[in-house]
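Numbering (my numbering), first residue to last: 222 to 386.
For every residue, glycine included, the Cβ atom is placed at its ideal position computed from N, Cα and C.
For reference, the structure is listed below as structure tokens.
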Ligand code: V0V
Ligand code: CO
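Right, dumping it as structure tokens:
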């Protein structure tokens, strides 16, 4: 595999791909997980939100306190017994749950990946953190890691600046 592609070449393959956005970790208890990242690494909580559509309580941490996208860890804790994250924890225990990529247009990125034969989970994007719009690609089509696409809200003060260029 060529590891030296420039961002312009990457975006030509998936137009509007801006960079890595966050890594999602499934945890059974946020109040136990947060102190680990805070006290061992010095990460700071920059955002907290309950997402009732996704049935998760979610916390974003970064190294800087600025909440710059691309430098974020997202902890997700299930809010319901029948939620996707609860199933994940029961099956696999806490650990890496998803890797999120920022895109400029989640509808377009989803439709391109669907045309390439990947199982994009939602027909239309759903509500993500801080007013973003999100969609996912099934982990069985990506080599085992659930892939999230995220389009930030235009008004988001952390609105995305490419970290690949
Ligand atoms: C399930 N599998 C995974 C996985 N979840 N593998 C890697 N990473 C994951 N996260 C494996 C599981 O171990 C089984 O493999 C197989 O997939 C089962 O597939 P399935 O029957 O479709 O499994 P379900 O019912 O557990 O559903 C999996 C999917 C579900 C991916 C469809 O988790 C889903 O809808 N996820 C999208 C929503 C989501 O995850 N939301 C939480 C983040 P074996 O054991 O059979 O080999 S919310 C978020 O990130 C937000 C709000 C944000 O960033 O703004
Ligand atoms: Co996420």
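Work out the CA separation of residue j and residue i for me, nearest whole Å.
| i | j | result |
| --- | --- | --- |
| residue 343 | residue 259 | 34 Å |
| residue 374 | residue 350 | 9 Å |
| residue 254 | residue 334 | 33 Å |
| residue 323 | residue 348 | 14 Å |
| residue 360 | residue 376 | 30 Å |
| residue 293 | residue 314 | 21 Å |
| residue 239 | residue 325 | 7 Å |
Between residue i and ligand 1, is there a pair consisting of the residue's CB and a ligand heavy atom that are separated by less than 7 Å?
| i | result |
| --- | --- |
| residue 246 | no |
| residue 305 | yes |
| residue 275 | yes |
| residue 269 | no |
Hey, would you say the C-beta of residue i is under 7 Å away from at least one heavy atom of ligand 2?
| i | result |
| --- | --- |
| residue 323 | no |
| residue 295 | yes |
Name the DSSP beta bridge partners of residue i, please?
| i | result |
| --- | --- |
| residue 358 | 341 and 368 |
Quiz item: For the region 332-339 against the region 245-259, are there 3 or more C-beta pairs whose distance is under 8 Å?
Solution: Here the region 332-339 makes no contact with the region 245-259; the two share fewer than three CB pairs at distances below 8 Å.
Practice problem: Could you tell me whether the region 296-307 touches the region 266-286, where touching means 3 or more Cβ pairs closer than 8 Å? | Solution: Three or more Cβ pairs drawn from the region 296-307 and the region 266-286 lie within less than 8 Å of each other, which places the two stretches in contact.
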